[in-house]
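These notes are about the structure you will find just below.
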Amino acid sequence: MRLTNRTVLIVGGTSGIGLELAHRFAKDGNTVVVGGRKPEPQDGLQSVRIDVTDPTSVLRARDEVLAAHPDLDVVVTMSGVLLTEDLRDPAHITDAENMVATNLLGTIRVIDVFTPHLIGRSAGTIITVSSGIAFLPFPLMATYGATKAAVHSYTESLRAHLAGTGVEVAELVPPAVATPAMAKLNPAAVSVDDYLDEVMELLAVEPTTREIIAEAALPLRWAERDGTYAELLERRSAPLKTLPGR
Ligand SMILES: NC(=O)c1ccc[n+]([C@@H]2O[C@H](COP(=O)([O-])OP(=O)(O)OC[C@H]3O[C@@H](n4cnc5c(N)ncnc54)[C@H](OP(=O)(O)O)[C@@H]3O)[C@@H](O)[C@H]2O)c1
């Protein structure tokens, strides 16, 4: 995709991967707005308050962003919550509901409010954010993985719905990236800087690649095709032993 002179909204851009992506886009000469529940002023970025679990908040944020930026042409649905769960303890349902509300319904809700605007311009890019876990579960993060698999599936359908409108749909498939939360869970996670270097290169390809998959996510993305799925899933199930009573 063209990476300059665009107006980009990154919902879920107030920290982690989203914030770094926002800085990279801004550095390349794009106007960038970041959204989250607690937006704080950031050099070179504009911000909007948005809670993707709240339909009223999403509509209000949409109106605010489009009033200030009628030329908005890139929407990134980055908001996500990652929680580990013990599926033998029914109390996990509260966390499961939170992840479905944010990661899946939040993604759908944000796309819904901006799609008519992008179709009206006959141009634009929607970038959803799944994960390597969408293609190979990590059982300690059961609902998280399920929401990301759903985001992948939804993205494929969205692309078909928007075919011929001029609006392209791409899916970011991050591997484990060492944001503060992930660094604690996975010491092998790639640094945010290295990850974003790779993403910016992959994003620059024309026409935009359907799936923007960093190298570290490739073994997960293609495990089923490569015949490594069962072995990797077994290995990724080992951390369940760290749960109380296992
Ligand atoms: N880090 C990884 O290893 C990794 C791997 C694969 C995929 N991902 C995905 O990449 C995305 C970013 O993750 P990250 O690791 O950078 O996490 P992060 O630093 O925790 O960022 C999460 C972002 O989501 C926003 N958010 C959370 N709940 C929200 C809500 N209800 N409404 C609006 N925004 C909300 C947060 O903003 P506020 O708190 O201000 O609301 C924040 O901007 C997520 O979708 C995650 O699933 C991450």
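1 is the number of the first residue of the sequence shown in the UniProt record's numbering; add one for each residue after it.
Ideal Cβ positions, reconstructed from N, Cα and C, are used throughout, including at glycine.
Please read these numbers as outputs of a predicted model, since none were measured by experiment.
For E20, the CB contacts under 7 Å within the same chain, skipping 5 residues up- and downstream, are V192, L196 in chain order. Taking the CA atoms as reference points, L66 sits about 7 Å from L72. For the pair G18 and M99, the CB atoms are not nearer than the 7 Å cut-off. Within the model, the alpha-carbon separation for L218 versus L243 is close to 28 Å. Positions of the beta strand (DSSP E) runs, each at least 3 residues long and wholly inside the stretch 194-243, are given as 211-213 in order along the chain. With a threshold of 16 other beta carbon atoms within 10 Å, V205 falls short and is exposed. For L158, same chain residues with a beta-carbon under 6 Å away, outside a window of 5 residues either side, are V169 in chain order. Pairing N5 with D28, the inter-Cα distance amounts to about 8 Å. Judged by DSSP secondary structure, I93 falls within the alpha helix (DSSP H) whose first and last residues are 93-99. Assigned with DSSP and collapsed to three states, E40 falls in coil, not helix or strand.
In the DSSP annotation of this structure, A178 is not part of any beta strand (DSSP E), being labelled neither H nor E.
Secondary structure at I127: strand, using DSSP grouped into helix, strand and coil. Inclusion of V151 and T128 in the CB contact set at 7 Å is warranted, their separation being smaller than that value.
R62: member of the alpha helix (DSSP H) spanning 55-68, first to last residue.
DSSP, read as helix, strand or coil, puts T102 in helix.
For the pair T14 and T31, the CB atoms are not nearer than the 7 Å cut-off.
Annotation: E215 to T208 spans about 17 Å, alpha carbon to alpha carbon. When the beta-carbon positions are compared, E198 and E171 stay at least 7 Å from each other. At a threshold of 6 Å, V205 does not count as near ligand 1, since its beta carbon sits no closer than that to any of the ligand's heavy atoms. Excluding five sequence positions before and after L59, the CB atoms of its chain that fall closer than 7 Å to its own CB belong to V113, given in chain order. The residue among L162, T179, L136 with its C-alpha nearest the C-alpha of D226 is L136. For V190 and I50, the gap between their C-alpha atoms comes out near 28 Å.
Taking A160 as reference, the option from I126, G245, F138, A188 with the minimal CA-CA separation is I126.
Collapsing the DSSP output to three states places S79 in coil.
Less than 7 Å divides the Cβ of T165 from the Cβ of I119.
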